[in-house]
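Since the structure comes first, as structure tokens, the remarks are kept for the end.
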Amino acid sequence: MNTLLNIETRNAVLLKMAELLEQERAAIIKINKADLEAYHGDDISMYDRLKVDDSKVDDMIASVTHLASQVDPVGVERFAFKHENGMQVYNKTASFGTVLIIYESRPDVTVEAAGIAFKSGNKILLKGGKESLKSNLKIVELWHQALKANGASTDWVEYLQFDRTETQAFLEKPTQKVDLIVPRGGEKLIAFVKEYATCPVIISGRGNNFVYVQKEADLQIAMDVIINAKTTKISACNALDKVLIDKNLPNKESFVKDLISKLKAFKVEILGDEIMSKYDHVDAISSNAVWFEEFLDYKIVIGEIESTQDAIAMINTCSGGHSSSIITKNEIEAQLFMANVDNAAVYHNASTRFTDGFQLGLGGELAISTDKLHQRGPIGLQHLVTNKWYVHGNGQIR
47 MNTLLNIETR NAVLLKMAEL LEQERAAIIK INKADLEAYH GDDISMYDRL
97 KVDDSKVDDM IASVTHLASQ VDPVGVERFA FKHENGMQVY NKTASFGTVL
147 IIYESRPDVT VEAAGIAFKS GNKILLKGGK ESLKSNLKIV ELWHQALKAN
197 GASTDWVEYL QFDRTETQAF LEKPTQKVDL IVPRGGEKLI AFVKEYATCP
247 VIISGRGNNF VYVQKEADLQ IAMDVIINAK TTKISACNAL DKVLIDKNLP
297 NKESFVKDLI SKLKAFKVEI LGDEIMSKYD HVDAISSNAV WFEEFLDYKI
347 VIGEIESTQD AIAMINTCSG GHSSSIITKN EIEAQLFMAN VDNAAVYHNA
397 STRFTDGFQL GLGGELAIST DKLHQRGPIG LQHLVTNKWY VHGNGQIR
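Structure follows, in structure tokens:
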């Protein structure tokens, strides 16, 4: 078992990692090109997540640098109490121990998620997808250099080169202690981990996010939010898939036509319910099952809805529990929507694309949880800890 590294060492490793990422920038991008060339799938969001360019390396460097500047999340006092018998009782945050991160295609996870788990005093096991193997191994090599440079064991960051069968066997009967598993990827990956894991799993669920344009919406805000949430990054779990439009929205027809033409300019495929599919360039949905789907693609569904209550009911039935937004000038309607929509993040007059650790002030995230236990939404440094009771006595017995 590795003894917890002190905070000075953890921070020094993170800063060394930033230095090495800068130094090896060209090599990482070159190695990533080999991964990209070997990828023959047609999943554009997978390709987008797999690609490492200068701006992704900048993000990786920013992430470890920022982590090094943050307060130690381990050993934070949450509660203190002096027992009547004289014992001093404390409850403090503690690291989980070993965190296994299983992820698809994203070499940046090898830096950002591993960095958060490492700063929280955990040993990291990484199991990336085969499509990003070369990129991941290069980044893990840098982790090992950063650890060695600071006199720390390379065991703190370990890469598991397992295929699906070996991964399943490891989940069912781990050959080393694993305290927490974080799957990062599509629904199939998450279902696979949930089925076989024998320890707690943080579910980073599907998006399938909604925007509801209420009848008192500012139409310019509605337009800007929908276009931003749908088109800026289709591979993100906080991207928009569904738009509900209030049937009593003034100038509804011209708004819908304008929305269709703007979405078309971004080459978004538009599907609609019975009412919306009457417009040009909108295909009728084949079945209601489409309302439950996360697309991760240039694809959107628009539908008409009677009221805020109906929008809430539909979102709670169909969404992935991730993010939804109401566009309205009516504060009471906004409060009703935000209090009753059962999502990790709810927005009023803003894009769902802000459900992200950096954007919500956490300085990066390990995952975005759609679970309700432990932590909901972006999981930052301060959430990747458990707690422990420290009781100091001088011979007290009960």
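Using our numbering, the letters of the sequence shown correspond one by one to residues 47 to 444. Note that CB positions come from ideal geometry on N, CA and C, so glycine has one too. Because the structure is a prediction, the values reported are computed rather than measured.
Cβ-Cβ separation, residue j to residue i (assumed contact under 8 Å), whole Å
i	j	result
V228	I147	5 Å
D94	S281	4 Å
N78	S181	5 Å
V2	I373	Lying before the first or after the last residue shown, residue 2 is absent from the chain, which here runs from 47 to 444.
R230	A390	About 15 Å separates the two Cβ atoms, so there is no contact after all.
K223	G143	7 Å
Selection from the options that minimises the alpha carbon distance to residue i
i	options	result
G175	E68, L60 and L82	L82
K97	H112, I321 and A80	A80
H327	W202, T200, I346 and L60	I346
G349	L342, F341 and Y325	Y325
V314	K279, N297 and G441	K279
A275	K128, D402 and N294	D402
G407	Q428, Y393 and A72	Q428
V179	K261, Y85 and F216	According to the sequence as given, residue 179 is Leu; it is not Val. L179 has its Cα closest to that of Y85, out of K261, Y85 and F216.
I90	T111, Y344 and S307	Y344
K288	N433, T111, S369 and Q355	S369
L172	G253, F400, L193 and Y149	Y149
E177	V239, H190 and G87	G87
L113	F164, S101 and A285	F164
Cβ-based burial, residue i [other Cβ within 10 Å; buried from 16]
i	result
G251	buried
E299	exposed
P153	buried
S292	Checking the sequence shown, residue 292 turns out to be Asp, not Ser. Buried, since its Cβ has 16 or more Cβ neighbours within 10 Å.
S332	exposed
S6	Shown here, the chain extends from 47 to 444; a query on residue 6 therefore has no answer.
S415	buried
D319	buried
Y436	exposed
P296	exposed
I443	exposed
K184	buried
Terminal residues of the alpha helix (DSSP H) in which residue i lies
i	result
N57	I53 to Q69
I267	L265 to T277
K234	E233 to Y242
S371	Per DSSP, S371 belongs to no alpha helix (DSSP H); it is in the beta strand (DSSP E), S369 to I373.
N362	T354 to C364
V392	Looking at the DSSP string, V392 is not in any alpha helix (DSSP H); the run it does join, the beta strand (DSSP E), is A391 to H394.
F383	E377 to N386
Bridge partner(s) assigned by DSSP for residue i
i	result
V135	F127 and V437
I346	I316
L171	L146 and E204
H429	None, per the DSSP bridge assignment.
A140	T432
N-terminal and C-terminal residue of the beta strand (DSSP E) that residue i is part of
i	result
E315	E315 to G318
A413	Note, A413: premise wrong, no beta strand (DSSP E); not H, not E.
E218	Premise fails: E218 lies in the alpha helix (DSSP H), R210 to E218, not in any beta strand (DSSP E).
H327	Neither: H327 is in no beta strand (DSSP E) and is coded neither H nor E.
V289	L286 to D292
F256	N255 to V259
The ligand FMN heavy atom lying under 8 Å from the CB of residue i
i	result
I425	Looking for the ligand FMN in the displayed structure turns up nothing, as the structure carries no ligands at all.
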